[in-house]
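One point on numbering: in numbering that gives the first Met the number 0, the residue at position 225 of the sequence shown is 224, and numbering is uninterrupted. Positions of the beta carbon are idealized from the N, C-alpha and C atoms, including for glycine. The structure under discussion appears below in the form of structure tokens.
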Amino acid sequence: MHIPDIIIAVDGYSSTGKSSFAKMIAREFGFLYLDSGALYRGVTLFAIEKGMISADGKIDVPALEAALPSLDIHFGESETGSLTYMGDRCIEKDIRTLAVSGKVSPVAALPQVREYVDRRLRFLGRRKRVVLDGRDIGTTVFPDAELKIFMTADVGVRAMRRMTEMRSKGEDVRYEDVLHNLQERDYIDSHRKASPLAMAEDAVVLDNSRMTPEDQMVWLRDIMRKKFNLTDED
Ligand code: DC
Numbered sequence: 000m001h002i003p004d005i006i007i008a009v010d011g012y013s014s015t016g017k018s019s020f021a022k023m024i025a026r027e028f029g030f031l032y033l034d035s036g037a038l039y040r041g042v043t044l045f046a047i048e049k050g051m052i053s054a055d056g057k058i059d060v061p062a063l064e065a066a067l068p069s070l071d072i073h074f075g076e077s078e079t080g081s082l083t084y085m086g087d088r089c090i091e092k093d094i095r096t097l098a099v100s101g102k103v104s105p106v107a108a109l110p111q112v113r114e115y116v117d118r119r120l121r122f123l124g125r126r127k128r129v130v131l132d133g134r135d136i137g138t139t140v141f142p143d144a145e146l147k148i149f150m151t152a153d154v155g156v157r158a159m160r161r162m163t164e165m166r167s168k169g170e171d172v173r174y175e176d177v178l179h180n181l182q183e184r185d186y187i188d189s190h191r192k193a194s195p196l197a198m199a200e201d202a203v204v205l206d207n208s209r210m211t212p213e214d215q216m217v218w219l220r221d222i223m224r225k226k227f228n229l230t231d232e233d
């Protein structure tokens, strides 16, 4: 399939497998993959480490906003895919802990933080042939994206997947805590004022509760064929 120069936006709920799917698409089509959640997680890690979030969860918003212009969070490539960096330091592992997951939604709700992330994403996506995953890519960051996918799955299935992933990385987490964190994030992400998680009108829904990654690629190729009039000889 010859893939046109497009932007693919993959939005949806936490732990629906957006990043795995987006990475598969990037590999298959030779696109650049941009993980917008990693940028929000990077900002959150920075705020935690600088003591800008108090024990009761209060964020020192003026201090964080003042630090944003000089905050260098970016992506680098490795054999295993895209990695997130803060300056020279690889923060890929640090940003996936429950400590960061538990604080990221309120940080991502701050308009200045969203502007910071949006600016970086638009710059990185300016040449097209990118696939991005997030919550508001198709609605806010790239409203003109040629293909918008909205992913959803049963919350119990999502919690189980996230727990398995975290345990495989050595984090000792309980199912109930992961489920609670997911439900809380779903709520905050969908109810915040600044670009809440919402489905773009022209998005196609993918419910992968009972789909394998391979099923998803079959689904995608079918959508691509129809939407862009592609044939397998293209
Ligand atoms: O996809 P993720 O779980 O790594 O995202 C982490 C958090 O960042 C998530 O709770 C919501 C927020 N986020 C967002 O608000 N907008 C995006 N485009 C991506 C993530």
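Anyone know if the C-beta pair for LEU131 and ALA8 falls short of 7 Å? yes
The ligand DC and VAL103: does any heavy atom of the ligand fall closer than 6 Å to the residue's C-beta? yes
Look up LEU70 in the DSSP assignment and say whether it is helix, strand or coil. coil
Pair every Cβ in the region 152 to 164 with every Cβ in the region 23 to 33, then say whether three or more of these pairs are closer than 8 Å. no
Mind checking whether ASP10 and LYS127 have CB atoms under 7 Å apart? no
Express the C-alpha separation of ASP93 and LYS22 in angstroms, rounding to a whole number. 20 Å
When DSSP labels each residue in this structure, what does ASP143 get in the three-state scheme? coil
Beta-carbon proximity check, VAL106 vs VAL42, cutoff 7 Å: yes
Compute the minimum distance between the beta carbon of ASP135 and the heavy atoms of the ligand DC, and state whether it is under 6 Å. yes
Find the nearest neighbour of ASN207 within the set ASP55, ASP135 and GLN215, judged by alpha-carbon distance. GLN215
Check whether the Cβ of SER35 lies closer than 6 Å to any heavy atom of the ligand DC, and answer yes or no. yes
Reduced DSSP category for ARG209 - H, G, I as helix; E, B as strand; rest coil: coil
Span of the alpha helix (DSSP H) around TYR39: 35 to 48
Between the CA atoms of TRP218 and MET210 - distance to the nearest angstrom: 10 Å
Taking C-alpha atoms, which residue in ASP221, ALA65 and VAL99 lies nearest to ASN180? VAL99
Residue of ALA25, LYS226 and SER104 minimising C-alpha distance to ALA46: SER104
Cutting at 8 Å between CB atoms, please list the residues of its own chain near ARG118, excluding the five before and the five after it. none
Alpha helix (DSSP H) containing GLY16: first to last residue? Element bounds for GLY16: n/a, residue is neither H nor E.
Do you know offhand how far ASP55's Cα is from TYR39's? 20 Å
Nearest-angstrom beta carbon gap, LYS225 and LEU146 [assumed within contact, 8 Å]: No, LEU146 and LYS225 are not in contact; Cβ-Cβ is about 11 Å, not under 8 Å.
Tell me the residue span of the alpha helix (DSSP H) that contains ALA107. 97 to 107
Please report how far the alpha carbon of LEU82 lies from the alpha carbon of ARG134, in whole angstroms. 20 Å
Name the two residues that bound the continuous alpha helix (DSSP H) containing GLY155. 154 to 167
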